[in-house]
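Residue numbers (my numbering): 36 to 341. Below is one structure; the comments refer to it alone.
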Amino acid sequence: MASVNYKAEGTVFDIQRFSIHDGPGIRTIVFLKGCPLSCLWCCNPESQKLAPVVMFQQSQCISCGKCLRACKVGAISLDTPGLIDRQKCVGCGECASVCPTGALVLKGEKMTVEQVVQILKKDATIYRKSGGGITLSGGEPMVQWEFATELLKACKSQGWHTAIETTGYGSEQAVESVFPFIDLALLDIKSMNSQTHKNVTGVTNELIHKNAVRIAQLTKTVIRVPTIPTINAFDEEFLRIAEFAKTLQGVDTVHVLPYHTLGENKYNLLGKEYSMGYEIKPLPPEEAAKFQQIVQNQGLRCVVGG
Ligand code: SF4
Ligand code: SF4
Numbered sequence: 036m037a038s039v040n041y042k043a044e045g046t047v048f049d050i051q052r053f054s055i056h057d058g059p060g061i062r063t064i065v066f067l068k069g070c071p072l073s074c075l076w077c078c079n080p081e082s083q084k085l086a087p088v089v090m091f092q093q094s095q096c097i098s099c100g101k102c103l104r105a106c107k108v109g110a111i112s113l114d115t116p117g118l119i120d121r122q123k124c125v126g127c128g129e130c131a132s133v134c135p136t137g138a139l140v141l142k143g144e145k146m147t148v149e150q151v152v153q154i155l156k157k158d159a160t161i162y163r164k165s166g167g168g169i170t171l172s173g174g175e176p177m178v179q180w181e182f183a184t185e186l187l188k189a190c191k192s193q194g195w196h197t198a199i200e201t202t203g204y205g206s207e208q209a210v211e212s213v214f215p216f217i218d219l220a221l222l223d224i225k226s227m228n229s230q231t232h233k234n235v236t237g238v239t240n241e242l243i244h245k246n247a248v249r250i251a252q253l254t255k256t257v258i259r260v261p262t263i264p265t266i267n268a269f270d271e272e273f274l275r276i277a278e279f280a281k282t283l284q285g286v287d288t289v290h291v292l293p294y295h296t297l298g299e300n301k302y303n304l305l306g307k308e309y310s311m312g313y314e315i316k317p318l319p320p321e322e323a324a325k326f327q328q329i330v331q332n333q334g335l336r337c338v339v340g341g
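Next comes the structure, spelled out in structure tokens:
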């Protein structure tokens with residue numbers, strides 16, 4: 036059994052227990068901060084920066100001014116739209132710690148492997164009975180690959196099933212370190228067209244495709260396609276994705292993930308623009324079914340949702 040550094044520290048922005056998505060059985064999802072991509076439709080925009088960020092919910096603010104006095108860098112003014120000058124804010128979280136109503140919430144805190152494992156242990160019986168386990172998500176877990184590796188080693192030493200939601204974007208060192216401790220990789224392929232990929236995620240797709248080959252060699256892999264009208268919801272795109280998926284060792288399943296707008300409000304809370312635009316509508320079910328058929332015609336299993 037590989038030795039574990041339980042003192043290794045990472046920045047975690049959420050831990051969700053009792054999830055029935057993102058892998059088999061009942062799971063705990065550990066969300067790690069930091070992502071090299073900035074997808075226009077990202078439903079976890081608070082994850083993108085590695086550093087902690089504060090979210091502000093105007094409707095819960097009673098204008099008590101406590102945050103204003105707590106902020107050491109003068110980033111808060113009750114006259115500022117969205118309360119916080121994001122250029123000045125250093126993400127210290129002092130404001131959130133004094134806010135009496137929960138209008139301010141800090142997303143991201145340093146945790147050790149030991150601290151995360153203590154939380155995960157609460158549900159160890161549920162993992163065993165349901166065939167579940169833990170899923171690393173983000174952000175992109177490979178951004179904090181050293182922490183992710185230690186956490187995964189700790190989970191494997193407990194005998195827990197491990198999964199990861201990944202963009203596939205990471206260094207060779209990160210891939211070789213993390214994936215030997217993963218039982219199931221849920222790997223996003225967003226567009227086979229590299230220029231489109233860059234336009235909508237900020238990065239080209241070559242590294243992702245190279246890593247996909249290696250990830251599929253190292254662990255059971257499912258390809259997931261966030262399916263966005265006007266960006267990749269096209270027959271030709273799905274045909275190319277299915278053809279690529281077939282070349283990956285052991286890959287037999289593709290998930291079509293219909294676009295939704297659930298993360299939209301978080302952009303307001305972070306004082307950010309929702310650059311997707313509000314005119315893009317969720318993917319109609321009949322469109323999803325058509326893409327499912329295209330993938331199935333290539334001899335792969337295809338699930339809508341997943
Ligand atoms: S997180 Fe820190 S720096 Fe940012 S507004 Fe709050 S107190 Fe000020
Ligand atoms: S401490 Fe909370 S409730 Fe008070 S002004 Fe700041 S955000 Fe509003």
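Virtual Cβ for every residue (Gly too), placed ideally from N, Cα, C. These numbers were taken from a predicted model, which means no experiment stands behind them.
So residue i packs on residue j, CB below 8 Å; how close in whole Å?
i, j, result
"Val133", "Cys96", "Between Cys96 and Val133 the Cβ distance is about 13 Å, and since that is not below 8 Å, they are no contact."
"Gly173", "Gly60", "Actually they do not touch by this definition, with Cβ atoms about 21 Å apart."
"Tyr302", "Ala189", "Their Cβ separation, rounded to whole angstroms, is 34 Å, which puts Tyr302 and Ala189 out of contact at 8 Å."
"Thr254", "Ser212", "Rounded, the Cβ-Cβ distance is 13 Å, inconsistent with contact."
"Glu181", "Ala43", "7 Å"
"Gly168", "Trp195", "4 Å"
With C-beta atoms as the reference, is residue i less than 8 Å away from residue j?
i, j, result
"Tyr294", "Pro317", "yes"
"Pro71", "Glu175", "yes"
"Val151", "Val65", "yes"
On a Cα-Cα basis, can you pick out the residue from the options that is closest to residue i?
i, options, result
"Ser38", "Leu187, Gly203 and Val47", "Leu187"
"Ala389", "Gly137, Lys301, Val289 and Leu304", "Residue 389 lies beyond the residue range present for the chain, which begins at 36 and ends at 341; the question has no answer from this structure."
"Leu113", "Val125, Gly126 and Cys130", "Cys130"
"Gly117", "Ile64, Val210, Asn300 and Gln51", "Asn300"
"Thr46", "Arg52, Gly166 and Val88", "Val88"
"Gly203", "Val108, Val65 and Asn246", "Asn246"
"Ala251", "Ile199, Phe53 and Lys225", "Ile199"
"Phe53", "Val339, Ile154 and Pro215", "Ile154"
"Ser73", "Ile224, Leu292, Gln230 and Gly237", "Gly237"
"Thr262", "Val235, Asn234 and Leu292", "Leu292"
"Leu171", "Val248, Asp49 and Gly285", "Asp49"
"Arg104", "Glu81, Thr147, Gly128 and Glu322", "Gly128"
Could you give the distance in angstroms between the alpha-carbon of residue i and the alpha-carbon of residue j?
i, j, result
"Asn267", "Cys106", "43 Å"
"Ile217", "Lys191", "9 Å"
"Asp287", "Asp120", "48 Å"
"Glu207", "Thr160", "35 Å"
"Cys99", "Leu304", "19 Å"
"Ala86", "Gly126", "7 Å"
"Glu278", "His232", "18 Å"
"Ile243", "Ala110", "38 Å"
"Leu67", "Lys123", "24 Å"
"Leu139", "Met90", "6 Å"
"Ile276", "Gly137", "43 Å"
"Met311", "Leu75", "5 Å"
"Gln92", "Leu297", "16 Å"
"Lys405", "Arg62", "What the structure shows of the chain is the stretch from 36 to 341, and residue 405 is not part of that stretch, so it cannot be assessed."
"Glu271", "Asp57", "27 Å"
"Ile258", "Thr265", "21 Å"
"Gln327", "Val339", "7 Å"
Would you check whether ligand 3 has a heavy atom nearer than 7 Å to the C-beta of residue i?
i, result
"Glu144", "Judged by which ligands are present, ligand 3 is missing from the structure shown, whose ligands are ligand 1 and ligand 2."
Of all the beta strand (DSSP E) runs that stay within the bounds of the region 110 to 194, which reach a length of 3 or more residues? 139 to 142, 144 to 147 and 168 to 172
Pick out the complete beta strand (DSSP E) segments inside the region 70 to 111, 3 residues or longer, and give them in chain order. 88 to 91
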